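Undergrad: Residue numbers (the numbering used here), protein chains in the order written: chain A, 739 to 942; chain B, 739 to 942.
1) Is residue 922 (chain B) close to chain A, meaning its C-beta is less than 8 Å from at least one C-beta of that chain?
2) Between the alpha carbons of residue 926 (chain A) and residue 935 (chain B), how many angstroms are there, rounded?
3) Whose C-beta lies closer than 7 Å to the C-beta of residue 808 (chain B) among residues of the same chain, with five residues either side of it excluded?
4) In angstroms with no decimal places, state the Cα-to-Cα distance between residue 879 (chain A) and residue 893 (chain A).
5) Thinking residue 743 (chain A) and residue 766 (chain A) are a contact (beta carbons under 8 Å), I'd like their distance in whole angstroms, please.
6) What residue from B:932, B:882, B:929 and B:813 has the CA that sits closest to residue 842 (chain B)'s CA?
7) Which residues, in order along the stretch 808-826 of chain A, keep a beta-carbon less than 9 Å from a beta-carbon of chain B?
8) Since residue 776 (chain A) contacts residue 863 (chain A) with CB under 8 Å, what's their CB separation in whole angstroms?
9) Please tell me whether residue 911 (chain B) and residue 909 (chain A) are closer than 8 Å, where the distance is taken between their beta carbons.
10) Pull out every residue of the stretch 747-758 of chain B whose Cβ sits closer than 9 Å to any Cβ of chain A, in chain order.
11) Our contact map puts residue 902 (chain A) next to residue 740 (chain B) with C-beta atoms below 8 Å; I'd like the distance itself, whole angstroms only.
12) Where do the N-terminal and C-terminal ends of the alpha helix (DSSP H) with residue 834 (chain B) fall, by residue?
13) Report all residues from its chain with a CB closer than 7 Å to the CB of residue 830 (chain B); omit the five preceding and five following residues, and keep chain order.
14) Between the Cα of residue 847 (chain A) and the Cα atoms of A:780, A:768, A:749 and A:871, which residue gives the shortest distance?
15) Applying a beta-carbon distance threshold of less than 9 Å, which residues of chain B neighbour residue 878 (chain A)?
16) When burial is assigned at 16 or more other CB atoms within 10 Å of the CB, is residue 821 (chain B) buried or exposed?
17) Using a Cβ-Cβ distance under 8 Å, would residue 902 (chain A) count as near chain B?
18) Around the Cβ of residue 907 (chain B), are there at least 16 other Cβ atoms within 10 angstroms (buried) or fewer (exposed)?
19) Taking all protein chains shown into account, do 16 or more other C-beta atoms lie within 10 angstroms of the C-beta of residue 941 (chain A), making it buried, or fewer, making it exposed?
20) Cβ of residue 855 (chain B) within 8 Å of Cβ of residue 755 (chain A)?
21) Closest by CA to residue 973 (chain B), which one among A:747, A:785 and A:764?
22) Run the CB neighbour count on residue 928 (chain B), radius 10 Å, all protein chains shown included, and call it buried at 16 or more, exposed below.
23) Out of A:844, A:800 and A:883, state which residue places its alpha-carbon closest to the alpha-carbon of residue 877 (chain A).
24) Between A:874, A:749 and A:895, which has its C-alpha nearest residue 860 (chain A)'s C-alpha?
25) Within this structure, are the beta carbons of residue 769 (chain B) and residue 825 (chain B) separated by less than 8 Å?
26) Looking only at DSSP bridge pairs, what is residue 974 (chain A) linked to?
27) Whose Cβ in chain C lies nearer than 7 Å to the Cβ of residue 930 (chain A)?
28) With a 10 Å radius around its C-beta and 16 neighbouring C-beta atoms as the bar for buried, classify residue 806 (chain B) as buried or exposed.
29) Which chain B residues are close to residue 742 (chain A), counting only those with a beta carbon under 9 Å from its beta carbon?
30) Suppose you measure from the CA of residue 921 (chain B) to the CA of residue 938 (chain A); what does that come to, to the nearest Å?
31) Let me know if residue 810 (chain B) comes out buried or exposed under the rule of 16 or more other beta-carbons within 10 Å of its beta-carbon.
32) Please list, in chain order, all residues of the same chain as residue 838 (chain A) whose beta carbon is under 8 Å from its beta carbon, the five residues on each side excluded.
33) For residue 745 (chain A), which of B:832, B:835 and B:896 has the nearest alpha-carbon?
34) Name, please, each residue of chain B whose Cβ falls closer than 7 Å to the Cβ of residue 797 (chain A).
35) Answer with yes or no whether the minimum CB distance from residue 787 (chain A) to chain B is below 8 Å.
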């Protein structure tokens, strides 16, 4: 096996290092976060760190860096308290990836891609049309991660919309059947095939 | 589309709710965390919340609930400051899933499954043998998530071991080629196929 110590990692060339360290946590979620500024400029951006934090209340988290391309998303969430999470699909992953380009705050990524914004149920932030799973989120808290100056943003699910076909009788959402993407590293888009659902485990 | 409001979600039957909310963040990483208590009892447990937090320094995070089955992992990390992260593979995902059973702290899941512990480079915590990607982690911080009484644990990569075949020339690790699992919800194990790596994006 190839072996890297922390010292080796710290000495790596920048692009090699970010490819390596972004790949090594495993497969990541692939989502578009939709927001709108108070001055009504829409924003949509790809995120691969959206993580389940708890079901009761239903809370999801993600990490962002206020100094990077994700700054517009962060600013809009702090200004308005609302955002949407939309799963990336086989049909739009290339358009979705383009939202990682560094556009100024006065440019909407909806105008620069084929992604289409959609509004429903009085949600202030835009959804991404035709996403098989869309959520309206309410900002509920943030934690400054002092180890590397990132911020963990927590939101509570307010409204959840799911393509009927992929919602199973026990509440399971079949993301593979939905052709939802997963991200490998910074730029690899992969599509999973469900192998097996396993039973609840008890001690042998 | 099927629509659930927050009120609908809160009123759902428990199992339906946890299936639904655990599925809705997207595909999740599939890892085994290896630890050992001061009294030298090994522990290995499946986690689906391990997330990239930053590359410089190389930090990964995960969420745990100190009152649940993940308590042994949490206690051992706090006691010893060290743990391992090992990717779940097509050949061991059923054994890996069994580590979610609630065993007492004096029982090692290595004794209850076909998973085999492995030691290298003086790491106090056990690795999972034959995992295509193994990391030795140093605990660097924790954040109490007051919204639902979970804890975000942060660790810095100390040593990284990767199957040579899946490490590409630019530092990208091909997790699909490695047959690494991704988790859908609580119990769905899926295996992705890489569709495409996309270029670094600049404004059009």
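Cβ atoms here follow ideal geometry from the backbone N, Cα and C, with glycine treated the same way.
It should be emphasised that the depicted structure is a prediction, and the values quoted were computed from it without experimental measurement.
TA: Looking at the coordinates:
1) One-based indexing of the second chain puts residue 922 (chain B) at position 184. Taking Cβ atoms only, chain A reaches closer than 8 Å to residue 922 (chain B), which makes this a yes.
2) Within the first chain, the letter at position 188 stands for residue 926 (chain A). Within the second chain, the letter at position 197 stands for residue 935 (chain B). Answer to the nearest angstrom: the Cα atoms are 4 Å apart.
3) Here residue 808 (chain B) corresponds to residue number 70 of the second chain, with the count starting at 1. 783 and 802.
4) Along the first chain, one-based indexing puts residue 879 (chain A) at 141. Along the first chain, one-based indexing puts residue 893 (chain A) at 155. Whole-angstrom Cα-Cα distance: 7 Å.
5) Here the question's residue 743 (chain A) lines up with position 5 in the first chain. Here the question's residue 766 (chain A) lines up with position 28 in the first chain. Rounded, the Cβ-Cβ distance is 25 Å, inconsistent with contact.
6) Your numbering for residue 842 (chain B) matches position 104 in the second chain. That would be B:813, whose Cα lies nearest to the Cα of residue 842 (chain B).
7) 823, 825 and 826
8) Translated into the one-based positions of the first chain, residue 776 (chain A) becomes position 38. Translated into the one-based positions of the first chain, residue 863 (chain A) becomes position 125. About 12 Å; that fails the 8 Å criterion.
9) Residue numbering aside, residue 911 (chain B) sits at position 173 when the second chain is read from its first letter. Residue numbering aside, residue 909 (chain A) sits at position 171 when the first chain is read from its first letter. Their beta carbons are not under 8 Å apart, which means residue 911 (chain B) does not touch residue 909 (chain A) by this criterion.
10) 747, 748, 750, 751, 752, 753, 754, 755, 756, 757 and 758
11) Taking the first residue of the first chain as position 1, residue 902 (chain A) is located at position 164. Taking the first residue of the second chain as position 1, residue 740 (chain B) is located at position 2. The pair is a contact, with the Cβ atoms about 5 Å apart (cut-off 8 Å).
12) For the purposes of this step, residue 834 (chain B) is identified with residue 96 of the second chain, where counting begins at 1. Its alpha helix (DSSP H) spans residues 831-836.
13) Within the second chain, residue 830 (chain B) is the residue found at index 92, counting from 1. Answer for residue 830 (chain B): 853, listed in chain order.
14) Position 109 of the first chain, counting from 1, holds the residue named residue 847 (chain A). For residue 847 (chain A), the nearest C-alpha among the options comes from A:780.
15) Numbered from its first residue, the first chain carries residue 878 (chain A) at position 140. Result: 885.
16) Residue mapping note: residue 821 (chain B) aligns to position 83 of the second chain, counting from 1. That one is buried.
17) Working through the first chain from its first residue, we reach residue 902 (chain A) at position 164. So yes, residue 902 (chain A) belongs to the interface.
18) Here residue 907 (chain B) refers to the residue found at position 169 of the second chain. It counts as exposed.
19) In the first chain, the residue the question calls residue 941 (chain A) occupies position 203. Counting Cβ neighbours within 10 Å, residue 941 (chain A) comes out exposed, since fewer than 16 surround it.
20) Start at 1 with the first residue of the second chain, and residue 855 (chain B) comes out as number 117. Start at 1 with the first residue of the first chain, and residue 755 (chain A) comes out as number 17. Not a contact, by the Cβ cut-off of 8 Å.
21) Nothing about residue 973 (chain B) can be read from this structure; chain B reaches only from 739 to 942.
22) The residue you call residue 928 (chain B) lines up with position 190 of the second chain. Classification of residue 928 (chain B): buried, given that the 10 Å Cβ count is 16 or more.
23) Locating residue 877 (chain A) in the first chain gives position 139, where the first residue counts as 1. Of the candidates A:844, A:800 and A:883, the one whose C-alpha sits nearest the C-alpha of residue 877 (chain A) is A:800.
24) Locating residue 860 (chain A) in the first chain gives position 122, counting from the first residue. When only C-alpha atoms are compared, the closest one is A:874.
25) Here residue 769 (chain B) corresponds to residue number 31 of the second chain, with the count starting at 1. Here residue 825 (chain B) corresponds to residue number 87 of the second chain, with the count starting at 1. Cβ atoms of residue 769 (chain B) and residue 825 (chain B): closer than 8 Å.
26) This structure gives no information on residue 974 (chain A), because the portion of chain A shown stretches from 739 to 942.
27) In the structure shown, chain C does not exist; the protein chains are A and B.
28) As a working note, residue 806 (chain B) is residue 68 in the second chain. Exposed is the call here.
29) Against the first chain, residue 742 (chain A) aligns to sequence position 4. Correct list: 895, 897, 898, 899 and 900.
30) Against the second chain, residue 921 (chain B) aligns to sequence position 183. Against the first chain, residue 938 (chain A) aligns to sequence position 200. Approximately 14 Å between the Cα atoms of the pair.
31) For the purposes of this step, residue 810 (chain B) is identified with residue 72 of the second chain, where counting begins at 1. The residue in question, residue 810 (chain B), is buried, as its Cβ has 16 or more Cβ neighbours within 10 Å.
32) For the purposes of this step, residue 838 (chain A) is taken as the residue at position 100 of the first chain. Correct list, in chain order: 783, 784 and 807.
33) Locating residue 745 (chain A) in the first chain gives position 7, where the first residue counts as 1. Comparing Cα positions, the closest option is B:896.
34) Position 59 of the first chain holds residue 797 (chain A). Ordered by position in chain B, the residues that pass the 7 Å Cβ test against residue 797 (chain A) are 885 and 886.
35) Along the first chain, one-based indexing puts residue 787 (chain A) at 49. Interface residue, yes.
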